[in-house]
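First up is the structure itself, then whatever we jot down about it.
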Ligand code: SF4
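Numbering (the numbering used here), first residue to last: 9 to 220.
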């Protein structure tokens with residue numbers, strides 16, 4: 009684990025240059041669609057989720073449609089994203105609460121979002137940050153957590169603790185963008201097993217860089 013910290017401002021500037029179009033890679037047109045897509049993306053690629061959601065979103069147009077869905081039917085509709093039983097329960101449970109307590113609209117604040125069944129801080133931050141609302145912090149998924157630890161920005165493997173560290177270090181107006189950039193960097197360069205340090209634009213700053 010890194011003991012030095014890579015300089016935040018310079019890393020942010022280089023990430024921005026390296027990934028100028030970094031953005032959410034899930035397809036959605038509303039907070040509800042993004043919530044469902046984010047639940048489906050657990051342990052699944054965004055590409056696969058994007059193959060499933062056009063038919064799903066055409067069938068279930070409002071939170072009430074998911075809330076009254078037949079669980080088996082919903083499971084069938086999302087089966088190819090994996091872990092479909094849990095995901096169907098989370099989607100239906102969250103939508104029931106949205107209908108009963110929020111008038112059918114996905115809530116716009118962190119406390120109300122994490123109170124929904126099956127919604128944690130990561131999903132809540134994705135929803136808030138990509139629908140023009142204020143997120144509670146940086147989205148920390150497996151890629152963001154790994155890269156951040158290698159950069160010395162956190163030592164925590166717990167996502168909520170890592171989110172706190174990152175949100176302290178990184179200016180609030182960069183939280184959403186840097187989440188997208190670190191995900192791309194983790195996927196394309198700073199891979200879990202074999203980071204491509206010799207091709208990494210951060211290698212001279214990174215305390216974990218492996219010499220070529
Ligand atoms: S690829 Fe290597 S140099 Fe780049 S961030 Fe990861 S560990 Fe650091």
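Each residue gets a CB set at the ideal place from its N, CA and C atoms; glycine is no exception.
Is the beta carbon of residue 15 closer than 8 Å to that of residue 213? By one-based count along the chain shown, residue 213 stands at place 205. By one-based count along the chain shown, residue 15 stands at place 7. Their beta carbons are under 8 Å apart, which means residue 213 touches residue 15 by this criterion.
With the cut-off set at 8 Å, would you say residue 86 and residue 96 are in Cβ contact? Locating residue 86 in the chain shown gives position 78, counting from the first residue. Locating residue 96 in the chain shown gives position 88, counting from the first residue. Yes. Within cutoff.
With hydrogens ignored, establish whether the beta-carbon of residue 182 is closer than 7 Å to any heavy atom of ligand 1. Translated into the one-based positions of the chain shown, residue 182 becomes position 174. Because no heavy atom of ligand 1 lies under 7 Å away, the Cβ of residue 182 does not count as near it: no.
From residue 71 to residue 158, what distance separates their C-alpha atoms? The residue given as residue 71 occupies position 63 in the chain shown. The residue given as residue 158 occupies position 150 in the chain shown. When rounded, the separation of the alpha-carbon atoms in residue 71 and residue 158 is 40 Å.
May I ask which residues mark the beginning and end of the alpha helix (DSSP H) holding residue 175? By 1-based counting over the chain shown, the position of residue 175 is 167. 167-177 is the span of the alpha helix (DSSP H), which, as asked, contains residue 175.
Integer-rounded CB distance, given that residue 56 should sit under 8 Å from residue 281: Summary: the structure shown does not reach residue 281, with the chain confined to residues 9 through 220, and so no result is reported for it.
In whole angstroms, what separates the C-alpha of residue 102 from that of residue 207? Position 94 of the chain shown, counted from the first residue, corresponds to residue 102. Position 199 of the chain shown, counted from the first residue, corresponds to residue 207. Each residue's alpha carbon lies about 42 Å from the other.
Compare the beta carbon distance of residue 182 and residue 20 with 8 Å and say whether it is the shorter of the two. For this step, residue 182 is matched to residue 174 along the chain shown. For this step, residue 20 is matched to residue 12 along the chain shown. Contact flag set, yes.
Among 25, 93, 132, 192, which has the Cα closest to the Cα of residue 40? What you label residue 40 is simply residue 32 of the chain shown in a count that begins at 1. Considering only alpha carbons, the answer is 132.
Extract the residue ranges of the alpha helix (DSSP H) inside the region 32-64, only unbroken runs of 4 or more that lie entirely within it. Whole alpha helix (DSSP H) segments, 4+ residues: 39-48.
CB contact flag (residue 153, residue 170, <8 Å): As a working note, residue 153 is residue 145 in the chain shown. As a working note, residue 170 is residue 162 in the chain shown. In this structure, residue 170 lies closer than 8 Å to residue 153 by Cβ.
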